[in-house]
Amino acid sequence: MLRVACAVACRALNVQCKSLLMKSTPAAISRALPYENLLANNFHTLTSNPFALSTNPAIINISNNLLQHQQVRSVTKFGLSKGKRRTVRAVLKRFKRLDWGGWIRTRCGRHKKLWKKSPPLRNRLKQHVLVSGTQSWLLDKMVTKYWRRPKYYINDPYAPYHKRENYFATYKIPRRY
Numbered sequence: 001m002l003r004v005a006c007a008v009a010c011r012a013l014n015v016q017c018k019s020l021l022m023k024s025t026p027a028a029i030s031r032a033l034p035y036e037n038l039l040a041n042n043f044h045t046l047t048s049n050p051f052a053l054s055t056n057p058a059i060i061n062i063s064n065n066l067l068q069h070q071q072v073r074s075v076t077k078f079g080l081s082k083g084k085r086r087t088v089r090a091v092l093k094r095f096k097r098l099d100w101g102g103w104i105r106t107r108c109g110r111h112k113k114l115w116k117k118s119p120p121l122r123n124r125l126k127q128h129v130l131v132s133g134t135q136s137w138l139l140d141k142m143v144t145k146y147w148r149r150p151k152y153y154i155n156d157p158y159a160p161y162h163k164r165e166n167y168f169a170t171y172k173i174p175r176r177y
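Structure (C-alpha cells):
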C-alpha cells in the first residue's frame with residue numbers, strides 16, 4: 001500500500017511539475033528535465049507495468065483519498081485551554097466501560113444487509129462483545145479519570161454486567177464456603 005501511495009504521489013508531483021514547467025520559460029524547462037527523468041527512472045517498475053496496482057483507477061482514487069485525509073486518533077496529553085489530558089471522543093462513542101474495568105462494544109455490521117444474514121447470525125449481532133485485556137488497557141489510557149469512575153444511571157440496561165461476582169479478583173459480596 002505504501003508503494004502504491006508513493007507511486008501515486010510521484011505521479012501527482014510529476015503532473016504538477018509538468019504543468020508548472022509549461023508555464024515557465026524554455027530555459028527553465030531544459031534545467032528541470034533531468035529531475036523529471038530521474039523521477040521516472042526511480043519508479044519505472046511501478047509505472048511501466050500495465051498490470052501494476054498503481055495503474056488501477058480504483059486504487060488511485062483510494063490512494064488519493066488517503067493522501068488527502070490521514071486518520072488520527074492520538075491522545076491529547078496537554079490540551080490548549082487547560083493544559084490537561086483530553087479524552088478521545090471516538091472511544092466514548094464506540095465503547096462502554098463497565099464498573100469492574102472491562103470494556104464492551106457492539107459487533108460491526110449489525111445494521112447492514114440484515115436481509116441476507118441468517119437468524120442465528122442476526123441474534124449474535126444483537127449481542128455485545130468484551131474487548132481483550134490489552135485493548136481495555138489502551139482504552140483506559142485514552143479516557144480521563146472521569147470516564148473511568150463508575151457511573152450510575154436510572155434504569156441502566158447494563159446494570160447486571162457491572163458486577164462480576166463469579167471471578168475471584170472482582171467479587172464484592174463475601175463468598176459462602
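For the sequence shown, UniProt numbering assigns the number 1 to the initial residue and increments by one for each residue that follows. All C-beta atoms, glycine included, are put in the ideal place defined by N, C-alpha and C.
Inter-residue Cα distance where the pair is residue i and residue j
i      : j      : result
Tyr171 : Gly79  : 37 Å
Val143 : Phe95  : 11 Å
His111 : Ile173 : 39 Å
Lys82  : Lys145 : 16 Å
His128 : Asn14  : 49 Å
Ser74  : Asn61  : 26 Å
Ala32  : Ala12  : Reliability fails at Ala32, whose pLDDT of 49 lies under 50, so the model's placement of it is uncertain and the value that follows must be treated cautiously. When rounded, the distance between both Cα atoms is 16 Å.
Tyr152 : Phe168 : 24 Å
Lys117 : Ile154 : 34 Å
Thr87  : Thr134 : 18 Å
Pro157 : Lys113 : 26 Å
Integer-rounded CB distance, given that residue j should sit under 8 Å from residue i
i      : j      : result
Arg107 : Leu125 : 5 Å
Arg164 : Trp100 : 5 Å
Trp137 : Leu92  : Incorrect: roughly 17 Å between the Cβ atoms, too far for contact.
The ligand NAP heavy atom lying under 7 Å from the CB of residue i
i      : result
Lys126 : The model on display carries no ligand, and the ligand NAP is accordingly not part of it.
Per-residue burial, residue i [other beta carbons within 10 Å of its own, 16 or more giving buried]
i      : result
Leu121 : exposed
Other residues of its chain near residue i: CB distance less than 7 Å, five sequence neighbours each side excluded
i      : result
Lys77  : Arg85
Arg105 : Arg94, Phe95, His128, Val129 and Val131
Tyr161 : Leu98
Beta strand (DSSP E) segment containing residue i, residue limits
i      : result
Arg97  : Phe95 to Arg97
Arg148 : Unbroken run through Arg148 is the alpha helix (DSSP H), Lys145 to Arg148; no beta strand (DSSP E).
Trp103 : Trp103 to Thr106
Leu114 : Here Leu114 belongs to no beta strand (DSSP E), and DSSP marks it neither H nor E.
Contacts around residue i, its chain only, beta-carbon distance under 8 Å, and the 5 residues preceding and following it disregarded
i      : result
Leu139 : Val91, Phe95, Arg97, Trp103 and Val131
Lys141 : Val75
Own chain residues within Cβ distance below 6 Å of residue i, not counting five before or after
i      : result
Gly109 : none
Ala159 : none
Segment limits, alpha helix (DSSP H) that includes residue i
i      : result
Leu130 : Looking at the DSSP string, Leu130 is not in any alpha helix (DSSP H); the run it does join, the beta strand (DSSP E), is His128 to Leu130.
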